[in-house]
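Worksheet for the structure shown next.
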Amino acid sequence: MKASDVATLDGVETVQPDYENRDILAGYASDLLSDVMAHAPEGCLLITIQAHGNTVSVASLAGAAGVMICNRRPIPDDMIAAARAERLPLFRTARNQFEMSCLLGGLLSARE
Amino acid sequence: MNRGLPDLSVERSPLSLVEMIYSTPIREVMTGDPIAVRRSETMRAAQELMREKSISGLPVAEDGRLYGIVSIHDLILTIQSDQLDQPVERHMTDHVVTLEEAMPLSMAIAYFGKYPFGRFPVLDARQRLAGILTVRDINVTLIDRLMRDVTRYESMLESEPLPGLAFTRVFHARRHDFEQGGKASTALKRHLSDHRVRRELIKRVAIAAYELEMNQVVHSIGGTLSFDVSPERVGILAQDRGPGIADMDLAMTEGYTTADDWIKSLGFGAGLGLPNVKRVADEFYLHSELGIGTTVKAVIRLDTGKENGA
Chain G
1 MKASDVATLD GVETVQPDYE NRDILAGYAS DLLSDVMAHA PEGCLLITIQ
51 AHGNTVSVAS LAGAAGVMIC NRRPIPDDMI AAARAERLPL FRTARNQFEM
101 SCLLGGLLSA RE
Chain W
1 MNRGLPDLSV ERSPLSLVEM IYSTPIREVM TGDPIAVRRS ETMRAAQELM
51 REKSISGLPV AEDGRLYGIV SIHDLILTIQ SDQLDQPVER HMTDHVVTLE
101 EAMPLSMAIA YFGKYPFGRF PVLDARQRLA GILTVRDINV TLIDRLMRDV
151 TRYESMLESE PLPGLAFTRV FHARRHDFEQ GGKASTALKR HLSDHRVRRE
201 LIKRVAIAAY ELEMNQVVHS IGGTLSFDVS PERVGILAQD RGPGIADMDL
251 AMTEGYTTAD DWIKSLGFGA GLGLPNVKRV ADEFYLHSEL GIGTTVKAVI
301 RLDTGKENGA
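One line per chain: the protein sequences are G and W, in this order. Counting from 1, one number per residue, gives the positions in the first sequence under this note's numbering. Counting from 1, one number per residue, gives the positions in the second sequence under this note's numbering.
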């Protein structure tokens, strides 16, 4: 599935729409940025509540294909600007990390 | 001579192709909404339609029900016997071999190998005509998939770094300046990708640079991060002005952190920073003095280094 397919999911809001539409190959749910940096797989959707600019740096350095902010946390403008500069899709949902992971996991395995 | 399709058996084919032909339903490959003639129309009408639409096999169907197919061969026989004005029903091929749209593409490939036909009508679950499948349709799908796969494999192949890889730059980090944190590592990563350094090497460099950069933002009162890139290696030197590390062994222990709750709430201070750097680096050096500052040097070799670690 593509990043643009994530954007069409029910209850998912696209916060930063100017992005490179990459394939979503996996998911990675974590709020520890060092952990994301070390273990997030290339092409994953990062599922996190860390709504700040450094999350974008980490996602980009780790090669993530997108970032999903959970629990409808407020997203500061500098984070949106950083995501735009990296052409990284930034989404937001009211779901928590577990619920979002289950949803994405189901979609990824259905398409295998 | 019938060359048919190449052998796409599971044992002899690349995995990506096997997966593709077994998981793709014929529905996604066939040409849907096929043009058809009715049984009562003339062979001349069929011929006109086939010429106009450049098709070599015309299904005979009414209200979705398939009765037969008019092939070029049927048409030639009709022309030879001068019977073009007779109804299609008398010259079409009945007893047509069909496929179903939910079948995997592998089944269609097997059919093309087994029968001498150039096309098969495809029926839906209610046995109504849903489309036509030709070797051309399969070729288009296979080529499209191959293009995507080969593009992906090519990007994974080792390529020579471009000239201009050598790069030296110094960045300054300020205490708790989270807004700028990550800028230096991102610049370094971009330079390496622009010069076609292998992805797994870039990932290791990115981990080391980012952890060292954020260490300065999170823990130090400020410092510098210097990058020195040559075709052989990436050197990262992080020097700060304090406060210094009290216990070096603890600092190198995974999970140990001196970060406060605010830092942790931002996702930092997991106690993984320096251990992460050491894990990905080919050379690692740490020196710290309380009240003076900390120096960390990490080298990632671009020629011969750790093959894993990222």
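Where a beta carbon is used, it is the ideal one built from N, C-alpha and C, also for glycine. If you're wondering where the values come from, they're calculated on a predicted model, not measured in any experiment.
- If you look at G/Gly53, you'll find it in the alpha helix (DSSP H) that goes 53 to 62.
- A contact between stretches requires three or more CB pairs, one per stretch, nearer than 8 Å, and the stretch 121 to 136 of chain W meets this requirement with the stretch 63 to 73 of chain W.
- In chain W, no part has a C-beta under 7 Å from the C-beta of G/Met68; the shortest such distance is about 15 Å.
- A residue is called buried when at least 16 other Cβ atoms come within 10 angstroms of its Cβ; W/Ser193 does not meet this threshold and is exposed.
- In the three-state reduction of the DSSP assignment, G/Pro74 falls in the coil class, being assigned neither a helical nor a strand state.
- Within the same chain, Asn21, Arg22, Asp23, Ile24 come within 8 Å of G/Lys2 by CB-CB distance, once the 5 residues on both sides are set aside.
- Close partners of W/Thr186 in chain G (Cβ separation under 8 Å): Ser57, Ser60, Leu61, Glu86.
- Straight across, the Cα-Cα distance linking G/Ala59 with W/Ser54 is about 51 Å.
- DSSP, read as helix, strand or coil, puts G/Gln97 in helix.
- A check of alpha carbon separations from W/Ser265 across G/Pro17, G/Leu33, G/Gly27 identifies G/Leu33 as the nearest.
- A Cβ-Cβ distance of about 6 Å is found for the pair W/Val299 and W/Asp282, placing them in contact under the 8 Å criterion.
- Collapsing the DSSP output to three states places G/Met68 in a strand.
- Closest option to W/Glu19, judged by alpha-carbon separation, among W/Leu75, W/Pro104, W/Arg27, W/Arg38: W/Pro104.
- Secondary-structure assignment with DSSP links W/Glu289 through a beta bridge to W/Gly293.
- Listed along chain W, the residues sitting closer than 8 Å to G/Gln50 by beta-carbon distance are Leu266, Gly267.
- Short of 8 Å from the beta carbon of W/Glu232, and not among the five residues preceding or following it, lie these beta carbons of its own chain, in chain order: Arg301, Leu302, Asp303.
- Annotation for W/Arg169: Phe227 place their beta carbon closer than 6 Å to its own, counting only its chain and skipping 5 residues before and after.
- Around the CB of W/Leu188, 16 or more other CB atoms lie within 10 Å, so the residue is classed as buried.
- Distance between W/Leu58 and W/Arg190, taken at the CA atoms: about 56 Å.
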